[in-house]
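Enquirer: If you number the sequence shown the way the numbering used here does, the last residue is 540 and the count never jumps. A virtual CB, placed ideally from N, CA and C, is assigned to each residue, including glycine.
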Amino acid sequence: MKYILNSGIYSLLMAAFLALTVYPQNFGEITVKTWPDDRKAAFSFTFDDGLLSQSTNAKQILEQFGFRGSFYFVTSTLTEQLPGVWRYGSWNEFTQMAANGHEVGSHTVTHLNLTNIPAGDTLTEGTILYELYRSAKKIQEKIPFEKAFSIAYPFTAHNQLVDSLSAKFYLSGRGGGNNFNNSSLTGLDYFKLKCKENYFNLPRNSPEDDLDELNDFIAYTQSAIDQGKWAMLLAHEVVPFSEIGGIINSTWYPMSNEWLTALCQWLYSKSSANEIWVETTANVTKYIRQRESFLYQLIAQNDSTIKFIPADTLDNLIYNLSLTVDVLVPSDWEEVIFQQGSVLQTLNTLTIGQNTFARINIIPDGGEVTLLKKTTANSFAVTGNVLYHNSQNTPVENVLLVLSRQDGVQFFAESDENGSFTFPSILSGTYNLSISKNENWGGVNSTDALFIMKGYSSQLTLDSLQTAAADVNNDGFLTFSDAEMVMKRFSRLINSFAGPDWIFSLNNSQIIVSSSNINLNVEALTSGDVNKSYIPQ
């Protein structure tokens, strides 16, 4: 077996793993894509100072397009809740933003120019180390589920000393400048990130007056796409254009909602075309670091199977993003079955030049990766229908069916308006089938209570599904208590039973997929509908 670094250099750190195996072909050779999904460039929204308008305006605009931003605040200016100090926000708003997937980063404790103060230590106010460490620590205390992975330097000012000290606490540091960031970074380059800021020219009497800055920024970002770089936006206040005039002299180059929305619309079109990856500073940093330290161990390679173990030399608690990789496969592989952990997918291969590749997203140190050539012999369809257990065999829609393997792999299907469902490509193996539905319960009346009483007194024979539907107290037996609960729910004295509202045949049954397609017929009853009178809608 062999370990291969993305750079082509064998890793001495993994020497204990190495064993000599020479493969006659290069199948299983891996190339990590520069950006996820082989996009051409990366882009990050960054917002400084922790202003309230960032949570009330910028956040909502970004989320309309599925984007997330990096928000850097001065920890001493945030209050516990609103109203805050001046135009600053509160910990409550930024905690909610972090929970929504935005990055919360450090803009230091008091917004001092770090190049004008001594290195000091973490206990002495007015020093670089105090500003760097105490702000990161405060964020961790106030937002326990989050960590400050990056810092935005106050006034965008930094030097070699500031960069080297920042590296003690953060993954990257952002300054200013109108240039791009390279797709590959090393050492303190991570702490010299460049970010373009817009200086809006006067007059600003209407949104159209800001179009020159918008067009300039779009041209800047397009150039980053053309060169495969990482572009960044630096912003502060974000307010409706109608409010710009009232704050233009008291805050730093405020940006209008209209301007940011127009930029997002353009970026969304580029993202949809797979041209640019819009992500937070922290996540772009992590991807680059993971890509640069990627290595893998090829453990199997033949005409039908490729197996390898992806790894890196980083802390898995921090570096847990997936990497997009191209794996060289035989040219006759048109489709592949890909598995890593609980992820199982069927994917089309792609041809680049003379070679055929499987493009997959993997997690370094996330476990063994298996690629199988998909054939009719190793994957099968599991299909069927869900019908109500009445004389009309009424189709039941929106039923969730899950096939689960012991290794955690799961497949999902949902019944349509005809009650039909399909698991299109299931590997051979033994699965547990679970079935559920959480809506449109009904059909229970006094006759059902009578049926239950006759059933437990042996005056009426109930089939297995009726018996399961009758056991509304979920104790495994039919008793007077079940009939009583049915009457109470029918009379609206209670609004639920002890068990689920829907009962299905084959629920929690074992399904063995081995050598052919499988068709399953699932019958359903609502809990308590022992006389089968309900007609699903």
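When you compare the stretch 430-442 with the stretch 483-493, are there three or more beta-carbon pairs, one atom per stretch, that lie closer than 8 Å?
Expert: no
Enquirer: Can you tell me which of Gly69, Lys232, Thr308 and Gly344 puts its alpha carbon nearest to the alpha carbon of Ser272?
Expert: If you compare the alpha carbons of Gly69, Lys232, Thr308 and Gly344 with that of Ser272, the shortest gap goes to Gly69.
Enquirer: Tell me, please, whether the stretch 113-120 touches the stretch 129-139 by the rule of three or more beta-carbon pairs shorter than 8 Å.
Expert: yes
Enquirer: Please state whether the Cβ-Cβ distance between Asn290 and Ala314 is less than 8 Å.
Expert: First, the amino acid is wrong: residue 290 is Tyr here, not Asn. Using a Cβ distance threshold of 8 Å, Tyr290 and Ala314 do not count as a contacting pair.
Enquirer: Just the Cα atoms here: how many angstroms apart are Ser10 and Gly176?
Expert: Any reading at Ser10 needs caution, since the residue's pLDDT is 40, under 50, leaving its predicted position unreliable; the model's value is listed next. CA-to-CA, the gap between Ser10 and Gly176 works out to about 25 Å.
Enquirer: Enumerated in chain order, which unbroken segments of the alpha helix (DSSP H) with a length of 4 residues or greater are wholly contained in the stretch 159-245?
Expert: For the stretch 159-245, whole alpha helix (DSSP H) runs of length 4 or above, ordered along the chain, are 163-169 and 214-230.
Enquirer: Give a yes or no on contact between the stretch 419-427 and the stretch 377-394, applying the rule of three or more CB pairs nearer than 8 Å.
Expert: yes
Enquirer: What's the gap between the Cα of Asp329 and the Cα of Gly370?
Expert: Between the alpha carbons of Asp329 and Gly370 lies a distance of about 17 Å.
Enquirer: So who's on the other strand from Tyr434, going by DSSP bridges?
Expert: DSSP, once it has assigned bridges, lists Ile514 as partnering Tyr434.
Enquirer: Here's the rule I'm using: 16 or more other beta-carbon atoms within 10 Å means buried, otherwise exposed. How should Thr464 be labelled?
Expert: exposed
Enquirer: Out of curiosity, what's the CA-to-CA distance linking Glu442 and Ala160?
Expert: Inter-residue distance for Glu442 and Ala160 is about 57 Å (C-alpha atoms, whole angstroms).
Enquirer: Could you check how far apart the C-beta atoms of Ile438 and Asn522 are, in whole angstroms? I think they sit under 8 Å.
Expert: Wrong, their Cβ atoms sit about 15 Å apart, outside the cutoff.
Enquirer: For the beta strand (DSSP E) holding Asp51, just list the boundary residues, first then last.
Expert: Ala44 to Asp51
Enquirer: Check the DSSP bridge columns for Thr288 and list the partner residues they point to.
Expert: Looking at the DSSP assignment, Thr288 forms no beta bridge with any residue, so it has no partner.
Enquirer: What's the call for Tyr322, buried or exposed, on a 16-neighbour Cβ count within 10 Å?
Expert: buried
Enquirer: Please classify Phe148 as buried or exposed, where buried requires at least 16 neighbouring CB atoms within 10 angstroms.
Expert: exposed
Enquirer: For the stretch 382-420, list the beta strand (DSSP E) runs that are entirely contained and at least 3 residues long, ordered along the chain.
Expert: 382-391, 403-407 and 413-417
Enquirer: Within 10 Å of its beta-carbon, does Gln304 have 16 or more other beta-carbons around it, so buried, or fewer, so exposed?
Expert: Of the other Cβ atoms in all chains shown, 16 or more fall within 10 Å of the Cβ of Gln304; this residue is therefore buried.
Enquirer: Which partner residues of Val339 appear in the DSSP bridge assignment?
Expert: Leu350 and Lys376
Enquirer: Give a yes or no on contact between the stretch 473-488 and the stretch 396-403, applying the rule of three or more CB pairs nearer than 8 Å.
Expert: no
Enquirer: Quick one: what does DSSP say Thr113 is sitting in, helix, strand or coil?
Expert: coil
Enquirer: Got a sec? Which residues, its chain only, sit under 6 Å from Asn520 by beta carbon, not counting five neighbours each side?
Expert: Phe383 and Ala384
Enquirer: Spell out a yes or no on whether the stretch 357-373 and the stretch 497-507 are touching, meaning 3 or more CB-CB pairs, one atom from each, closer than 8 Å.
Expert: no
Enquirer: I need the DSSP call for Val447, collapsed to helix, strand or coil.
Expert: coil
Enquirer: Between Asn277 and Leu324, how many whole angstroms is the CB-CB distance? I'm expecting something under 8 Å.
Expert: 18 Å between Cβ atoms; not a contact.
Enquirer: So, does the stretch 55-66 touch the stretch 35-43, judging by three or more C-beta pairs under 8 Å?
Expert: Taking one beta carbon from each stretch, the stretch 55-66 and the stretch 35-43 have fewer than 3 pairs nearer than 8 Å; the two do not touch.
Enquirer: Rounded to a whole number of angstroms, what is the C-alpha to C-alpha distance between Arg71 and Val281?
Expert: 8 Å
Enquirer: Can you give me the C-alpha to C-alpha distance between Asn358 and Ser307, rounded to a whole angstrom?
Expert: Those two C-alpha atoms are separated by around 16 Å.
Enquirer: Using 8 Å as the cut-off, can you tell me whether the stretch 247-263 makes contact with the stretch 69-88, which would need three or more C-beta pairs spanning the two stretches below that distance?
Expert: no
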